[in-house]
Each structure stands twice: as structure tokens, then as C-alpha cells.
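Q: This is the structure I want to talk about, given as C-alpha cells.
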């Protein structure tokens, strides 16, 4: 057995190469399991990978005991010095050497939260079907000094339910209450088939749950906290493993069983998972949230908006509600300026004279709403000393938009030869270069011709499970689009570094940190009931860095 470790002032990771070559993660932060038995350490794999046609050593639908994940062998490791921390790369391979697996662990000097992701490389001669690959895996979560304890009763799990106008509603209960019991004292001494699983499908990354979780242990005094960083589908689960005495957590992006994702990895091809953040520390759930807040601030794109925290007025909430005109805007602009606002945003409706939901897509100002052009309103905003902004929903096109009839199907999400329609709208596919060019032209016009310095980028429909066009599966098509959209967004910020782009998805339905490491500001909710606003405003800072939470009309 050999050991290697990586340390920063804030955390520590320790690994053991066991007899036979398997690598075990035996310590992460405060969770030190280095004295565990050899049998227990055999369950402490770094990565779960399930390849089509391979065995799985587990009864049930959980992602433990995967193959070749369970039998990967150590190849090498290296430490890369980084700004404010270090990055560890651990390389493993399977036998008979068809898959190379690299675990990446990014550690920071100022927080115990680490960032984790995995790269797969097909080093064989045939195709490999990837059904599941974890972004992060840990066995023995919260079990240091309590490895033989009743994890089902000792641990409290906090799950962040999410809904339109009811975002980030945390619910807490024991693992036993959540359905995972402790049966290690049974006569067979084996793991159960039960898992606690939280899954998100579609392109609303927070359609039912926020991609976050917390686990606290009343015996060890430890807390674990995590988030999955994808602007689409993701999955996490907790289950028992081995003889049923160890508690395991698995974090991932999309996978086949729950998310309709399957990837055909051809010889020489690589695939990199979405990233996940995870931390173990001594302290309660508030200590864990404080550590995650530090991490969220650490990873976001440097920008002046987060430094200056300007006051923003938007005309929608409890205001014009998507019915802007020159006459209606000017009194509001005057009032916003008098109140000391620094940004003024004209929300939806500026591009159509009447009902517009199913006809959006060309983004040309309505001459009926703005007889002298929208430039009159924008110039008036600037004359009052404020930066003007406009609402946009760039990923959609209404089914009655004239442009949609002239475009080929490969501009849109497709399934079974038909365009995907969600609430009277098509969804654009950003893997198509022509779509990205169209989006660039729209943004360029808003910034260069109209002179806006702020875009409220909304997102009010979803893709469903994905698109089967030019993809290995529906989920593969969705993930490709998610990543293409992020790459496009990066290019916009590169062209316009001072442009503020608000992240909105019917409020807080897409508040993930694939988006928020790029966006400086998050619309937290469409909730307009003041009796409920306080709750959402308070809990918003548990899933988004506090300085990025936009609620009501102020930032």
C-alpha cells in the first residue's frame, strides 16, 4: 500500500493505493477514514463509471459497484500549483486497458470546498457506451469516528426544493425519514437496493430542485455540502455500500437511467463531466453554507458589477408587467432616477404591439409602443444618469414567428423527426453555428445600435429530455447544447466585458453555477406577493452568492 495526499490551508485529501492497484479516497477535509478496514477502503472508489455491456455489482438502480468504476487501477498522479490553491490529477485505467480515467480535484486556500470533475478517454480499439460517470464520488460521507454508527439516524439531509415563485425551499429530515434505513445488523450484512436520489431533467437546471444539498451528522459534528454545476440535467444520490455500513454519495451530470443520456465514446475520443463542488468540515449547516459562499465568490468571472453593486430598477415586477410604452416608461424613469437607481431595465414586450408570447424571435422594437423608436426611451434613461437595459430571451422562437417558418429544422431541438414545442415555442440549438451567429447579431444590435449596457436574459420554456439530432441520445444532445450556450455566453462577455447580463429563468429556475460563474446577477424569483417575498429573499443567499441575488427591484 502507498499513500499520497494534497493539502491547502483550508482542506486535505488523502489517497491510498491498495493491494491490487485500486485507489481509495480515505480523507476529505474533516472526514478522516484512514483507519478504516481494508474491506471498507475497497468501497472508497474515486469514480463510478458504467460502460454498456459491463457488469454492475449492486442490486437496484443506484450507481455504486459500477464497472469498470469498481476495478480501476492506479496509473499516476500529479499536483499542479494554481492561483489560490492547487489541482490534483489522479489517473486510473481499467483492465484490459480500454478506458483511461482522470479525476481532477481543484483545492482552494480559503475554503474547504473542492471542485471535482472527471475526464474519460477511450484508449482501446472499439467504441465504449458510457451510461454513467460520476463528477464526484465519496464513500463514508460524514462517518469519521462514526463508521459503525447508524448513519440513517445520525445524519440530517437538507434538500432544496425549487418551484416557480417558490424557489430554494429547504426541507430537512433524517436519512431514515427520507427512506434510507440502516440494516447493517441484518443477518446477510449487505447493502440495500434503496437510494435517496435527486434528479433534474430538462434545460431548467432548477425545475424541481436546486442543484445543492447539505448533510449534517449529530454524532461526528461534521457537515457536508455540495452543488452540481450544469445548466441542464443532473443527478445526485446517497446510498449504502459494501456490507451496508458505509454511506456513499455520488454527484453527476446527466446519466442514462434518470436523464436519457448515453454517450458513444469512440477510440481516441475524450469526454469530460460537468463539475461539482463538495466540502466536508467540522461545523453545522450554516458553517457549510459560509464555506460554499466563499467558494462561489472564488469561481465567478471577475467583474465590476459584483464589486460596485449598483441599484437596478426593472419595470416588470409589480409594474408594467410586459406592457411597456414610451408614455408609460418616462414617469417610471423619472421616479427611478430620483430614487437613486443606477440602471433602468425595460422588460418584456418592447418588440411587439400586442400579445407576443408565441411570436417572439426577431427582436425588433414595436413602432406602436415606441412611435419615435426605442432609442427615444433609451436616450431618456441615459439623460437621467442611468444605464439602460432591455429584456431578451435568446434561446427561444415562437411558433408564430415568421422567421421560424423560413429556418431549417437543424436550428431547433428535434425528437423523432419533429421540432420540440414547449408552451407555443421552439427551442434553438446552440450547437448550430448559424444559431450562434444569429444570437450574436441580436446582442450586437442591442449594444451597438440601441446602446444598452444591461440585458435581462430570460428563459421561460424548457427542452424536455433533449434533442436526438446529431447526438448519441436525447440527453447527449441537451448537454451539447448546454455547453455550446455557455461557450457562446463566454464570447459575449469577451466582446463586451462591461455589459451586465442578468441570469433569469422565470425567476430562479436556472440558478446553477455553470451559469453563475459567468453571470454577475441572478433574478431569484417572479414572486410578487410581499407576504412570500421575504422568505425567498432570505433563502436565496443559500443557493446563490448573496451579492448576486436580485430580488424585487434592488440589487
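In our numbering, the protein residues as written are -6 to 548.
Beta carbons are placed, not taken as given, at the ideal position from N, Cα and C, and that holds for glycine.
Quick caveat: nothing in here was measured; it's all calculated off a predicted structure.
1) Can you look up residue 450 in the DSSP assignment and give me helix, strand or coil?
2) What residue range does the beta strand (DSSP E) around residue 493 cover?
3) Could you spell out the range, first to last residue, of the beta strand (DSSP E) harbouring residue 172?
4) Look at the Cβ atom of residue 449, then the Cβ atom of residue 350, and state whether they are nearer than 8 Å.
5) Within 10 Å of its beta-carbon, does residue 548 have 16 or more other beta-carbons around it, so buried, or fewer, so exposed?
6) Rounded to a whole number of angstroms, what is the C-alpha to C-alpha distance between residue 19 and residue 83?
7) So residue 568 packs on residue 198, CB below 8 Å; how close in whole Å?
8) Can you find the residues in the same chain that come closer than 7 Å, C-beta to C-beta, to residue 141, ignoring five residues on each side of it along the sequence?
9) Curious, which full-length alpha helix (DSSP H) runs of at least 4 residues does the segment 310 to 377 contain?
10) Measure the alpha-carbon distance for residue 127 versus residue 249 and round it to whole angstroms.
11) Would you mind reading off the limits of the alpha helix (DSSP H) that contains residue 475?
12) Relative to the C-alpha of residue 122, which residue among 147, 24, 410 and 264 is closest?
13) Do the segment 208 to 221 and the segment 413 to 423 touch if we need at least three Cβ pairs shorter than 8 Å?
14) With a CB to CB cut of under 6 Å and the five nearest residues on each side skipped, what residues in its chain are close to residue 293?
15) Check residue 396 in the structure and name its three-state DSSP category.
16) Closer than 8 Å by C-beta to residue 413: which residues in its own chain qualify, once you throw out the five before and the five after it? Chain order, please.
17) Should the segment 382 to 399 be regarded as contacting the segment 320 to 327, the criterion being three or more beta carbon pairs within less than 8 Å?
18) Which residue wins for smallest C-alpha separation from residue 96, given the options 66, 482 and 119?
19) Would you call the segment 185 to 198 in contact with the segment 496 to 510, where contact means no fewer than 3 C-beta pairs closer than 8 Å?
20) Here's a check: name, in chain order, each residue in its chain whose Cβ is nearer than 8 Å to the Cβ of residue 280, leaving out the five neighbours to either side.
21) Quick one: what's got a C-beta closer than 6 Å to residue 218's C-beta in the same chain, skipping five residues either side?
22) Counting only the same chain and skipping the five closest in sequence on each side, list residues whose C-beta sits under 6 Å from that of residue 496.
23) If we define contact as Cβ-Cβ less than 8 Å, is residue 43 a contact residue for chain D?
24) Return the chain-ordered ranges of every alpha helix (DSSP H) run that is complete within the segment 0 to 84 and spans a minimum of 4 residues.
25) Quick one: which unbroken beta strand (DSSP E) runs of 3-plus residues sit fully inside the segment 402 to 431? Chain order, please.
26) Looking at the structure shown, is residue 547 part of a helix, part of a strand, or coil, going by DSSP?
27) Within the segment 490 to 538, note down every full beta strand (DSSP E) run reaching 3 residues or more, in order along the chain.
28) Have a look at 410, 136, 8 and 186 and flag the residue whose alpha-carbon is nearest the alpha-carbon of residue 98.
A: So, from the data block:
1) Within the chain shown, residue 450 is the residue found at index 457, counting from 1. Residue 450: strand per DSSP, three-state reduction.
2) Stepping through the chain shown from its first residue, residue 493 is reached at position 500. Start and end: 493 to 496.
3) Taking the chain shown and counting its residues from 1, the one referred to as residue 172 is at position 179. Counting along the chain, residue 172 falls outside any beta strand (DSSP E), and DSSP gives it neither H nor E.
4) Position 456 of the chain shown, counted from the start, is the residue given in the question as residue 449. Position 357 of the chain shown, counted from the start, is the residue given in the question as residue 350. Contact: no.
5) In the chain shown, the residue the question calls residue 548 occupies position 555. Residue placement at residue 548 is flagged as unreliable, the pLDDT there being 35, under the threshold of 50; a coordinate-derived value is accordingly withheld.
6) To locate residue 19, count along the chain shown from 1; it is residue 26. To locate residue 83, count along the chain shown from 1; it is residue 90. Taking the straight line joining both Cα atoms gives about 14 Å.
7) Because the chain in this structure spans residues -6 to 548, residue 568 falls outside the shown range and cannot be described.
8) The residue labelled residue 141 in the question sits at position 148 within the chain shown. Exclusion of the five residues before and after residue 141 leaves 238 as the residues of its chain whose Cβ lies within less than 7 Å of its Cβ.
9) Runs found: 319 to 331 and 367 to 376.
10) Here residue 127 refers to the residue found at position 134 when the chain shown is read from its first residue. Here residue 249 refers to the residue found at position 256 when the chain shown is read from its first residue. Computed Cα separation, rounded: 12 Å.
11) In the chain shown, counting from the first residue as 1, residue 475 sits at position 482. Boundaries of the alpha helix (DSSP H) harbouring residue 475: 467 to 488, taken from the DSSP string.
12) Reading the chain shown from its first residue, position 129 is the one you call residue 122. By alpha-carbon distance to residue 122, the top candidate from 147, 24, 410 and 264 is 264.
13) These segments do not touch.
14) Taking the first residue of the chain shown as 1, we reach residue 293 at position 300. Closer than 6 Å at the Cβ level, and outside the excluded window around residue 293, lie 510.
15) Numbered from 1 along the chain shown, position 403 holds the residue referred to as residue 396. The answer is helix: DSSP assigns residue 396 an H, G or I state.
16) Locating residue 413 in the chain shown gives position 420, counting from the first residue. Contacts found: 405, 406, 407, 419, 420, 456, 457 and 460.
17) Because the criterion of three Cβ pairs below 8 Å is not met, the segment 382 to 399 and the segment 320 to 327 do not touch.
18) Start at 1 with the first residue of the chain shown, and residue 96 comes out as number 103. Selected option, being the one with the closest Cα: 66.
19) Short answer: they touch.
20) Counting from 1 along the chain shown, the entry for residue 280 is found at position 287. The residues are 216 and 274.
21) Numbered from its first residue, the chain shown carries residue 218 at position 225. Cβ neighbours of residue 218 beyond the five flanking positions: 207, 272, 281 and 285.
22) By 1-based counting over the chain shown, the position of residue 496 is 503. Same-chain partners within the cutoff: 508, 512 and 515.
23) Of the chains in the structure shown, none is chain D; there is only one protein chain.
24) Runs of the alpha helix (DSSP H) lying entirely within the segment 0 to 84, each at least 4 residues long, are 31 to 34 in chain order.
25) Listed in chain order, the beta strand (DSSP E) elements of length 3 or more contained wholly in the segment 402 to 431 are 418 to 420.
26) Locating residue 547 in the chain shown gives position 554, where the first residue counts as 1. Confidence at residue 547 is low in this model, with a pLDDT of 37, below 50, so the placement of that residue should be treated as unreliable; the coordinate-derived value is given next. Note: residue 547 maps to strand in three-state DSSP.
27) The segment 490 to 538 is shown to contain whole beta strand (DSSP E) runs of 3 or more residues at 493 to 496 and 514 to 516, in chain order.
28) The residue you call residue 98 lines up with position 105 of the chain shown. Closest by alpha carbon: 8.
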